[in-house]
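In UniProt numbering, the protein residues as written are 1 to 506.
In structure tokens form, the structure reads like this:
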């Protein structure tokens with residue numbers, strides 16, 4: 001009975017959300033997809049791209065656990081706690097105060113209304129099982145069916161691979177990875193029981209199988225960046241192999257993805273061509289480029305696979321700033337990412353709680369001015385190849401990739417990078433990755449977890465230290481501090497998982 005209740009929950013989510021695009025064009029009683037085209041349309045629902053590991057206000061506590069953000073005393077004590085911020089878990093994560101989220105409420109990462117990973121997965125499962133259940137298909141339908149199933153497999157694998165590392169411990173290649181993490185739900189039939197939790201190793205192995213299953217049927221070009229194409233499949237395989245530390249495979253797949261782009265100019269914006277539409281108002285000004293008009297759209301030339309990321313991470317008004325460590329990574333005179341996106345702005349100010357005034361602070365405006373992704377950008381593809389080269393002692397090729405990206409990001413005349421030791425080149429690549437990826441979202445969080453296996457290297461950390469006012473807080477990366485707990489709302493329906501309810505006060 002408990003499993004059936006949980007199945008009904010998934011079914012209700014699916015019926016409420018996945019079919020809404022049909023309500024205006026299909027009569028009542030005919031909302032269930034029945035043709036290949038119907039199932040294919042499910043992949044276009046915005047809920048599959050806009051609500052990935054984000055809270056109800058499109059922020060993410062995962063970024064607050066890491067080292068990209070800092071929070072001041074006023075922001076924490078007043079902006080989050082005294083003001084009863086609806087996403088106070090961001091602050092609790094920042095000070096490593098567990099439980100981070102209220103264990104008796106829905107977890108937006110997992111499922112909350114139409115949000116979360118499993119409502120998304122319901123779309124992909126219905127596409128896969130629905131299309132495979134259609135016996136008679138025309139040649140045209142057969143082609144569309146193969147493409148749609150392949151794109152749904154990649155989208156589902158993307159969800160599960162990331163969730164496996166968010167809800168589980170550090171993935172450690174060469175070990176059993178026996179910790180149970182998430183249920184690998186693959187069936188669209190609501191009458192079938194919810195599976196047991198898979199282990200971290202089982203999730204990783206199945207993701208790899210399904211990516212290889214999908215790859216031959218992925219199109220060279222997709223209709224929209226929310227849908228995987230062949231290059232997305234290769235990028236996903238490169239990303240998978242980063243976490244399994246198979247760096248020859250990272251190079252192989254990232255190279256296949258990158259070469260599909262043709263010229264770097266096809267997939268990179270030249271920041272030297274950027275202009276502010278209103279230089280007198282840098283905080284609100286749009287950025288213009290002669291290359292195209294898509295800079296702040298999901299069709300941006302730099303987006304390979306679109307999945308929404310945080311828009312306000314590092315904005316003072318949104319209760320965080322870029323950390324001093326992030327700011328120190330930028331060459332303020334030459335790096336155009338700093339010039340255009342790290343802007344001096346009025347910081348947090350309030351009269352509540354005795355009064356706080358952060359004064360003028362540097363805030364991050366990049367995600368406000370250009371569209372970014374927690375899926376895959378073309379710069380990330382290039383940097384994955386560079387990391388693979390650097391970690392397999394091909395430093396000259398890694399440096400060449402770095403210099404390719406840097407010519408689009410730094411002012412003319414900036415000296416190119418030259419030879420360094422293997423560790424120096426890896427460090428350069430990872431610093432460039434950190435500058436290039438979204439400040440918020442989950443990618444830095446996951447990078448910090450995989451870097452713990454590089455013990456003793458300059459980019460590897462065992463702990464994260466945050467200072468709020470006069471208080472210092474520390475979290476250990478390879479521990480429960482960096483694992484998101486499954487909500488009691490879910491656990492109550494699945495006592496067979498053997499996970500006790502979280503009874504800690506919130």
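Here a beta-carbon is modelled for each residue, glycine too, at the ideal position from N, C-alpha and C.
This one's a predicted model, so the numbers in the text were calculated from it and none came from an experiment.
Quick one: grab the DSSP three-state call for residue i.
i           : result
residue 301 : coil
residue 279 : coil
residue 83  : coil
residue 136 : coil
residue 363 : strand
residue 426 : helix
residue 486 : coil
residue 350 : strand
residue 410 : strand
residue 344 : strand
residue 460 : coil
residue 249 : helix
residue 502 : coil
residue 481 : helix
residue 98  : coil
residue 306 : coil
residue 124 : helix
residue 55  : coil
residue 339 : helix
residue 75  : helix
residue 240 : helix
residue 222 : coil
residue 376 : strand
residue 447 : helix
residue 91  : helix
residue 396 : helix
residue 232 : helix
residue 493 : coil
residue 41  : helix
residue 160 : helix
residue 216 : helix
residue 267 : coil
residue 25  : The predicted position of residue 25 is uncertain, since its pLDDT is 27 and thus under 50; a value taken from the coordinates is nonetheless stated next. Three-state result, residue 25: coil.
residue 315 : coil
residue 437 : coil
Per DSSP, which one or two residues make a beta bridge with residue i?
i           : result
residue 472 : 467
residue 70  : 321
residue 287 : 276
residue 197 : 183
residue 151 : DSSP lists no partner for residue 151.
residue 115 : 112
residue 357 : 349
Can you tell me the Cβ-Cβ gap for residue i and residue j, rounded? I've got them flagged as a contact below 8 Å.
i           : j           : result
residue 429 : residue 390 : 5 Å
residue 233 : residue 215 : 5 Å
residue 465 : residue 476 : Not really, about 11 Å apart at Cβ, beyond 8 Å.
residue 194 : residue 494 : 7 Å
residue 369 : residue 338 : Actually they do not touch by this definition, with Cβ atoms about 13 Å apart.
residue 218 : residue 123 : So it is not a contact: roughly 18 Å between Cβ atoms.
residue 509 : residue 180 : Only positions 1 to 506 of the chain appear in this structure, which leaves residue 509 out of reach.
residue 159 : residue 186 : Rounded, the Cβ-Cβ distance is 12 Å, inconsistent with contact.
Hey, residue i and residue j: beta-carbon distance below 8 Å or not?
i           : j           : result
residue 309 : residue 155 : no
residue 203 : residue 184 : yes
residue 257 : residue 210 : no
residue 506 : residue 86  : no
residue 128 : residue 145 : no
residue 147 : residue 225 : no
residue 482 : residue 65  : yes
residue 450 : residue 434 : no
residue 353 : residue 58  : no
residue 355 : residue 63  : no
residue 177 : residue 488 : no
residue 334 : residue 411 : yes
residue 349 : residue 358 : yes
residue 491 : residue 378 : no
Segment contact, 8 Å Cβ cut-off, at least three pairs: the stretch 312-324 with the stretch 56-69: yes
Specify whether the stretch 298-314 and the stretch 353-368 touch according to this definition: at least 3 beta carbon pairs, one from each stretch, less than 8 Å apart. yes
Contact the stretch 81-96 vs the stretch 164-173: 3+ CB pairs below 8 Å: no
Should the stretch 250-270 be called in touch with the stretch 223-240, which here means at least 3 C-beta pairs below 8 Å? yes
Does the structure place the stretch 394-413 close enough to the stretch 376-386 that three or more beta carbon pairs sit under 8 Å? yes
For the stretch 414-423 against the stretch 264-272, are there 3 or more C-beta pairs whose distance is under 8 Å? no
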